[in-house]
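K.L.:
These protein sequence lines are chains X and P, in that order.
Quick note: the first sequence uses the numbering used here, first residue 1, plus one each step.
Quick note: the second sequence uses the numbering used here, first residue 1001, plus one each step.
Let me begin by handing over the structure; questions about it come next.
Number of protein chains: 2
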Amino acid sequence: MEGKWIVGVDLGGTSVKLAFIQEDGEILHKWEIPTDKSEQGKNILPDIADSIQRKMVELGETKERLIGIGMGAPGAVDKEKGIIYEAVNLGWPKNYPIVKLLSDLSGLPVEIDNDANCAALGEMWKGAGNGAKNIACVTLGTGVGGGIIVNGDIVQGVKGAAGEIGHITIIPEGGAPCNCGKTGCLETVASATGIVRVAKDTIIQYEGESSLKDLYISKGSIEAKDVFDCMNQGDTLSASIIEQIMLHLGLVLANIGNVLNPEKIVIGGGVSKAGDLLLNPLQKYFNQFAYSAVSASTELAIATLGNDAGILGAAWLAKNKH
Amino acid sequence: MEGKWIVGVDLGGTSVKLAFIQEDGEILHKWEIPTDKSEQGKNILPDIADSIQRKMVELGETKERLIGIGMGAPGAVDKEKGIIYEAVNLGWPKNYPIVKLLSDLSGLPVEIDNDANCAALGEMWKGAGNGAKNIACVTLGTGVGGGIIVNGDIVQGVKGAAGEIGHITIIPEGGAPCNCGKTGCLETVASATGIVRVAKDTIIQYEGESSLKDLYISKGSIEAKDVFDCMNQGDTLSASIIEQIMLHLGLVLANIGNVLNPEKIVIGGGVSKAGDLLLNPLQKYFNQFAYSAVSASTELAIATLGNDAGILGAAWLAKNKH
Chain X
1 MEGKWIVGVD LGGTSVKLAF IQEDGEILHK WEIPTDKSEQ GKNILPDIAD
51 SIQRKMVELG ETKERLIGIG MGAPGAVDKE KGIIYEAVNL GWPKNYPIVK
101 LLSDLSGLPV EIDNDANCAA LGEMWKGAGN GAKNIACVTL GTGVGGGIIV
151 NGDIVQGVKG AAGEIGHITI IPEGGAPCNC GKTGCLETVA SATGIVRVAK
201 DTIIQYEGES SLKDLYISKG SIEAKDVFDC MNQGDTLSAS IIEQIMLHLG
251 LVLANIGNVL NPEKIVIGGG VSKAGDLLLN PLQKYFNQFA YSAVSASTEL
301 AIATLGNDAG ILGAAWLAKN KH
Chain P
1001 MEGKWIVGVD LGGTSVKLAF IQEDGEILHK WEIPTDKSEQ GKNILPDIAD
1051 SIQRKMVELG ETKERLIGIG MGAPGAVDKE KGIIYEAVNL GWPKNYPIVK
1101 LLSDLSGLPV EIDNDANCAA LGEMWKGAGN GAKNIACVTL GTGVGGGIIV
1151 NGDIVQGVKG AAGEIGHITI IPEGGAPCNC GKTGCLETVA SATGIVRVAK
1201 DTIIQYEGES SLKDLYISKG SIEAKDVFDC MNQGDTLSAS IIEQIMLHLG
1251 LVLANIGNVL NPEKIVIGGG VSKAGDLLLN PLQKYFNQFA YSAVSASTEL
1301 AIATLGNDAG ILGAAWLAKN KH
């Protein structure tokens, strides 16, 4: 068999996704291991190195096949120093030198970036970005993440905090508290968690008939997907909740559009599976709030890679370094 | 005399600023000519070429002294094609090929960019940016302009519309109409014109004592500077007007900070002459609305070059091309 492989790693708080990926971006082998957060996360990097080694043995391959490891990590990183400033979810100490540690453990060169940035690079390379070199990505998951790509490279920012789209303030006064310590962040409204919060607040105050309200009463809880599903089945309360959320998200994306006028703004994460139910109202508010030349030229698109965006973007990092 | 010169040109709706500038950014000779907008602006570029030629003769120099011309123009440009999409204030037809025309007239290579982008490059090179390669600039003048610099280069955007900070929507519903056709743009609040509008609206509804109100009644009009001056003399109405405006501007700059985490955000234009009267409340709201890692690392700074930013940034364009 010909060709070199890249190891793409997407390190999350629950599991680590790994893959061997060809230089053209084709995923050859993909697997997952649990993230062991015990003992301040000291086993995480050894587990990753071991797992890569075992998979190579299993496939009858040697290390010469591998170009290097690219890894997305859940926190702001300093790529030059090879450290992650803070990774609260993993238990690691501050400024943990993950590049040196993983490189020593694996005997391979290692490149890192923030996980949201990796997802953005993946979408640029093989997904909705479709090779566009200037894109903004927003990931609507449990939280809201972002990645900004200018001229084909991630914008890191002076302290690794570029792309913090989830913490753009959309409700300057009286907004809901956010995990970051501020209030009224986009994340409090447009994440899966935020959608549920807004929906519950709205349901409680609503006195009319609604299938979403009925579902909430019968199940005792709802998910973001329920709101889109009920809207799709004609529930007007659900439609008004989604409108309210897309107004805020559309405003933020329009403002990012005015700043960067990117070719595409790619919307990913679990919430983006709503597809056109999300995209149609979002496009309406984007057009309303963006400068005319921006709404005419910056395209909104749903991410296409799903969970593979992170490992592909991580692999892109390693490929383009070496 | 040693060394080559660059011609920096800042083309405005009323006058054209020109300068001969050394490669290290020192301005050697600086002058202005009126902008002749008659006959669809057909005399503007010939006037510029003539004026450069006359000044060279006056100084006893020949064209060999000149590296080229850099010019900032009042509208979105396509740098590759060398055209300005639209320059409503000058009367030029759409997609006017200014690079070819000025190059033919002057016999010199010509580089162009939007005037706000040139001001940003000037501040990066010789002003408040102080060599920082990642900065955002906002110009608070008659309107509000912007320029975004990533890795030392202006972000143009797919249709030249990056940096349209003035048209970021800050009042989603019920905002004042903007010249761009939308409502509630930053420009309607934080430009010199916007400050006057907000001040007048506030004065009319205010029944208490206020030196700003007295000034408005006696003069029949006020300027943005009056609001800062009255605030500085202890007028509480003026202070509340500036607070309200800085809340909106601080929110926009915090959101730009969250997207790009630049080293500096530079505030220029006539309104920025208010200095600390502007910067202090602005910094307060920036800190309130920005993600903590952003407010800790992105610095707000007042532009230092004044009217020279445009010619210096234009010269930088020509210097870095050749």
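We treat Cβ as the ideally placed atom computed from N, Cα and C, and that holds for glycine.
On a predicted model such as this, the values are computed, not experimentally measured, just so you know.
Does X/H322 come out as helix, strand or coil in the three-state DSSP assignment?
P.N.:
Taking the first residue of the first sequence as position 1, residue 322 of chain X is located at position 322. Only weak support is given to the placement of X/H322: the predicted model assigns it a pLDDT of 49, under 50, and the value that follows is read from those uncertain coordinates. X/H322: coil per DSSP, three-state reduction.
K.L.:
Strictly by DSSP, which residues pair up with X/A73?
P.N.:
To locate residue 73 of chain X, count along the first sequence from 1; it is residue 73. Answer by DSSP bridge pairing, in chain order: X/N114.
K.L.:
List the residues that DSSP assigns as beta-bridge partners of P/V1144.
P.N.:
Residue 1144 of chain P sits at position 144 when you count from the first residue of the second sequence. Note: P/V1144 sits in a beta bridge opposite P/L1140.
K.L.:
For X/A314 versus X/G268, is the C-beta spacing smaller than 7 Å?
P.N.:
Start at 1 with the first residue of the first sequence, and residue 314 of chain X comes out as number 314. Start at 1 with the first residue of the first sequence, and residue 268 of chain X comes out as number 268. Contact flag unset, no.
K.L.:
Take the Cβ of X/N280 as the centre, count every other Cβ of all protein chains shown within 10 Å, and call the residue buried at 16 or more, exposed below.
P.N.:
The sequence position of residue 280 of chain X within the first sequence is 280, counting from 1. It is exposed - the Cβ of X/N280 has fewer than 16 other Cβ atoms within 10 Å.
K.L.:
Anything in chain A within Cβ reach of P/N1134, meaning under 7 Å, just list it in chain order.
P.N.:
In the structure shown, chain A does not exist; the protein chains are X and P.
K.L.:
Alpha carbons only, please: which of X/A87, X/L140, X/N130, X/T298 is nearest the one belonging to X/N114?
P.N.:
Locating residue 114 of chain X in the first sequence gives position 114, counting from the first residue. Of the listed residues, the one whose Cα sits closest to X/N114 is X/A87.
K.L.:
Going by CA-CA distance only, name the one from X/A162, X/S295, X/G129, X/L11 that's closest to P/Y1291.
P.N.:
Taking the first residue of the second sequence as position 1, residue 1291 of chain P is located at position 291. Ranking X/A162, X/S295, X/G129, X/L11 by CA distance to the CA of P/Y1291 puts X/A162 first.
K.L.:
Below 8 Å between beta carbons is the criterion; list the residues of the segment 162-191 of chain X that meet it against any residue of chain P, in chain order.
P.N.:
Correct list: A162, G163, E164, I165, H167, I168, T169, P172, C180, G181, K182.
K.L.:
If we count the other Cβ atoms within 10 Å of its Cβ and call it buried at 16 or more, is X/D24 buried or exposed?
P.N.:
Counted from its first residue, the first sequence places residue 24 of chain X at position 24. Exposed is the call here.
K.L.:
Since X/V271 and X/I195 are thought to touch, with beta carbons under 8 Å apart, how far apart are those beta carbons, to the nearest angstrom?
P.N.:
By 1-based counting over the first sequence, the position of residue 271 of chain X is 271. By 1-based counting over the first sequence, the position of residue 195 of chain X is 195. Indeed they touch by this definition, with Cβ atoms about 7 Å apart.
K.L.:
Residues of chain X with a CB under 9 Å from the CB of P/L1105: which are they?
P.N.:
Residue mapping note: residue 1105 of chain P aligns to position 105 of the second sequence, counting from 1. The premise fails here: P/L1105 is roughly 29 Å from chain X at the closest Cβ pair, so nothing lies under 9 Å.
K.L.:
If the criterion is Cβ atoms closer than 7 Å, does the pair X/G107 and X/P97 meet it?
P.N.:
What you label residue 107 of chain X is simply residue 107 of the first sequence in a count that begins at 1. What you label residue 97 of chain X is simply residue 97 of the first sequence in a count that begins at 1. Taking the C-beta atoms as reference points, X/P97 is found no nearer than 7 Å to X/G107.
K.L.:
Run through DSSP, which three-state label would P/A1353 get?
P.N.:
Summary: the structure shown does not reach residue 1353 of chain P, with chain P confined to residues 1001 through 1322, and so no result is reported for it.
K.L.:
Return the first residue and the last residue of the beta strand (DSSP E) that X/G8 is part of.
P.N.:
Against the first sequence, residue 8 of chain X aligns to sequence position 8. Here the beta strand (DSSP E) through X/G8 covers 5-11.
K.L.:
In the DSSP output, what is P/H1248 paired with across the bridge?
P.N.:
Residue 1248 of chain P sits at position 248 when you count from the first residue of the second sequence. According to DSSP, which records beta bridges pairwise, P/H1248 is partnered with nothing at all.
K.L.:
With three or more C-beta pairs closer than 8 Å as the rule, is the segment 1132-1147 of chain P touching the segment 168-181 of chain X?
P.N.:
Verdict: no, contact absent.
K.L.:
Does the contact criterion of 3 or more C-beta pairs under 8 Å hold for the segment 35-46 of chain X versus the segment 1001-1016 of chain P?
P.N.:
no
K.L.:
With DSSP as the reference, please indicate the residues paired to X/L66 in a beta bridge.
P.N.:
Start at 1 with the first residue of the first sequence, and residue 66 of chain X comes out as number 66. According to DSSP, which records beta bridges pairwise, X/L66 is partnered with X/W5.
K.L.:
May I ask you to list the residues that DSSP assigns as paired with X/W31?
P.N.:
As a position in the first sequence, residue 31 of chain X is number 31, starting the count at 1. X/L18, per the DSSP bridge assignment.
K.L.:
Taking 7 Å as the CB-CB cut-off, is X/A293 touching chain P?
P.N.:
For the purposes of this step, residue 293 of chain X is taken as residue 293 along the first sequence, with counting starting at 1. Taking Cβ atoms only, chain P reaches closer than 7 Å to X/A293, which makes this a yes.
K.L.:
Quick test of your reading: X/G160 and X/A116, contact by CB under 8 Å. State the CB separation rounded to the nearest angstrom.
P.N.:
Counting from 1 along the first sequence, the entry for residue 160 of chain X is found at position 160. Counting from 1 along the first sequence, the entry for residue 116 of chain X is found at position 116. The pair is not a contact, with the Cβ atoms about 11 Å apart (cut-off 8 Å).
K.L.:
Buried or exposed: P/D1308, going by 16 or more other Cβ atoms within 10 Å of its Cβ?
P.N.:
Translated into the one-based positions of the second sequence, residue 1308 of chain P becomes position 308. Under this definition P/D1308 is a buried residue.
K.L.:
Between X/I154 and X/A254, what straight-line distance do the alpha-carbon atoms span, to the nearest angstrom?
P.N.:
Residue numbering aside, residue 154 of chain X sits at position 154 when the first sequence is read from its first letter. Residue numbering aside, residue 254 of chain X sits at position 254 when the first sequence is read from its first letter. Using only the alpha carbons, I get a separation of about 20 Å.
K.L.:
The ligand NAP heavy atoms versus the CB of P/L1018: any closer than 6 Å?
P.N.:
This structure lacks the ligand NAP; in fact it carries no ligand of any kind.
K.L.:
Using three-state DSSP, classify P/L1300 as helix, strand or coil.
P.N.:
As a position in the second sequence, residue 1300 of chain P is number 300, starting the count at 1. In this structure, P/L1300 counts as strand in the three-state DSSP scheme.
K.L.:
Run down chain X in chain order and give the residues with a C-beta less than 9 Å from the C-beta of P/F1289.
P.N.:
For the purposes of this step, residue 1289 of chain P is taken as residue 289 along the second sequence, with counting starting at 1. Within chain X, the residues I168, T169, P172, K182, G184 have their CB atoms less than 9 Å from the CB of P/F1289, given in chain order.
K.L.:
Which bits of chain P does X/E263 rub up against, with CB to CB less than 7 Å?
P.N.:
The residue you call residue 263 of chain X lines up with position 263 of the first sequence. Near X/E263 (Cβ distances below 7 Å), the residues of chain P are V1158.
K.L.:
Give me the residue from X/A296, X/I256, X/S191, X/L251 with the minimum Cα distance to P/G1184.
P.N.:
For the purposes of this step, residue 1184 of chain P is taken as residue 184 along the second sequence, with counting starting at 1. Checked all of X/A296, X/I256, X/S191, X/L251; the closest Cα to P/G1184 is X/L251.
K.L.:
Which residue's Cα is closest to the Cα of P/N1151: P/S1015, P/G1012, P/G1306, P/P1262?
P.N.:
Mapped onto the second sequence, residue 1151 of chain P falls at position 151. The residue with the shortest Cα to Cα distance from P/N1151 is P/P1262.
K.L.:
Please classify P/K1182 as buried or exposed, where buried requires at least 16 neighbouring CB atoms within 10 angstroms.
P.N.:
Sequence index remark: in the second sequence, residue 1182 of chain P carries index 182 (1-based). The residue in question, P/K1182, is buried, as its Cβ has 16 or more Cβ neighbours within 10 Å.
K.L.:
Starting from X/G194, follow the alpha helix (DSSP H) in both directions and report where the run begins and ends.
P.N.:
Reading the first sequence from its first residue, position 194 is the one you call residue 194 of chain X. Looking at the DSSP string, the run of the alpha helix (DSSP H) that includes X/G194 is 192-205.
K.L.:
If I measure Cβ to Cβ from X/V99 and keep anything under 7 Å in the same chain, skipping five residues before and after, which residues do I get?
P.N.:
Counting from 1 along the first sequence, the entry for residue 99 of chain X is found at position 99. So the qualifying residues of the chain are G82, V110, I112.
K.L.:
When the Cα atoms are used, what is the spatial distance from X/C178 to P/V1294?
P.N.:
Here residue 178 of chain X refers to the residue found at position 178 when the first sequence is read from its first residue. Here residue 1294 of chain P refers to the residue found at position 294 when the second sequence is read from its first residue. If I take the Cα positions, the gap works out to 16 Å.
K.L.:
Here's the rule I'm using: 16 or more other beta-carbon atoms within 10 Å means buried, otherwise exposed. How should X/H322 be labelled?
P.N.:
In the first sequence, residue 322 of chain X corresponds to position 322, counting from 1. Note that X/H322 scores 49 on pLDDT, short of 50, meaning its location in the model is unreliable; the coordinates nonetheless yield the value given after this. With a 10 Å radius around the Cβ and a threshold of 16 neighbouring Cβ atoms, X/H322 comes out exposed.
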